Structure formats: structure tokens, C-alpha cells
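Quick note: the sequence shown uses my numbering, first residue 1, plus one each step.
Ideal Cβ placement from N, Cα and C applies to all residues, glycine included.
Just so you know, these numbers come straight off a predicted model, no measurement behind them.
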Amino acid sequence: MSIQSVGLKAYTNALSNFTKAEKAITGESSRKTSGIAPSPFADTLKDSLAKVNELQQEKKAMITSFASGEQQNVHELMISLQKAGLAMNMTTAVRNKALEAYKELARLQF
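(1) Could you name the residues of the same chain whose beta carbon sits closer than 7 Å to that of Phe41, not counting the 5 residues immediately before and after it, in chain order?
(2) By alpha-carbon positions, which one of Gln82, Ala87 and Ala106 ends up nearest to Ser48?
(3) How far does the alpha helix (DSSP H) with Leu45 in it extend, from its first residue to its last?
(4) Does the distance from the C-beta atom of Lys103 to that of Leu81 stay below 9 Å?
(5) Take Thr91 as the anchor and find which of Lys51, Thr19 and Lys23 has the nearest alpha-carbon.
(6) Would you decide whether Ala61 is buried or exposed? Buried here means 16 or more other CB atoms lie within 10 Å of its CB.
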């Protein structure tokens with residue numbers, strides 16, 4: 001699974017959960033005919049963070065392997081570094097968007 005698909009999946013599930021919550025608030029039925037409920041946003045976020053952590057661990061292992069001389073493939077090392085870096089950047093972007101949304105909700109006056 002690519003990093004883009006992990007991020008896209010997280011955003012898609014967040015949108016789906018938001019739509020379900022909106023329908024529940026307005027009183028509309030949110031039941032699907034298939035009977036398969038999408039996983040909650042928290043589970044998706046947890047899975048995405050686990051994947052980012054896995055990529056970071058893989059990066060560290062490859063750096064250690066390359067530094068010790070066990071591995072000589074620079075291309076795989078650079079690909080691993082880029083994947084881990086991109087995953088971390090996307091995670092930071094999602095965190096920043098969540099914080100912005102929280103701050104905006106905190107500013108709302110009821």
C-alpha cells in the first residue's frame with residue numbers, strides 16, 4: 001500500500017464518518033444495505049500512524065545496514081528514506097489540519 005493511498009484512505013474515512021454524523025444529527029438513516037460499517041476514524045488514524053512508524057523503523061534498519069556495509073544498494077536506501085520522509089510530512093499535515101479544525105471549533109460561539 002503506498003503512502004498516498006494511506007493518506008487518501010484516512011481522508012475518505014474521515015469524510016465518511018463526518019457524513020454519517022451529519023445524517024445522524026439531522027435524523028436521516030445512515031444504514032447501508034451491505035451491512036458493512038466503515039471503520040471509525042480513530043482506527044484509521046491508528047493504523048496510519050502504525051504504518052508511518054513501520055516505515056520509520058524500516059528506514060533506520062536500512063541506514064544501519066548500509067552504514068555497516070551489509071547492503072550496497074543506494075537506490076533502495078534512498079527510496080526508503082523518501083517513503084519515510086513523505087509519510088512523516090503527510091502525518092504532520094494531517095495533525096496540523098486537525099489542530100486547525102479544533103481551534104476553529106473552539107472559536108465557535110453558541
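Inspection of the coordinates gives the following:
(1) Against the sequence shown, residue 41 aligns to sequence position 41. Closer than 7 Å at the Cβ level, and outside the excluded window around Phe41, lie Asn13, Ala14 and Asn17.
(2) Position 48 of the sequence shown, counted from the start, is the residue given in the question as residue 48. Of the candidates Gln82, Ala87 and Ala106, the one whose C-alpha sits nearest the C-alpha of Ser48 is Ala87.
(3) Stepping through the sequence shown from its first residue, residue 45 is reached at position 45. Segment Phe41 to Ser68, the alpha helix (DSSP H) holding Leu45.
(4) Taking the first residue of the sequence shown as position 1, residue 103 is located at position 103. Taking the first residue of the sequence shown as position 1, residue 81 is located at position 81. No; because the gap between Cβ atoms is not below 9 Å, this pair is not in contact.
(5) On the sequence shown, position 91 is the one that residue 91 refers to. The residue with the shortest Cα to Cα distance from Thr91 is Lys51.
(6) Residue numbering aside, residue 61 sits at position 61 when the sequence shown is read from its first letter. Classification of Ala61: exposed, given that the 10 Å Cβ count is below 16.
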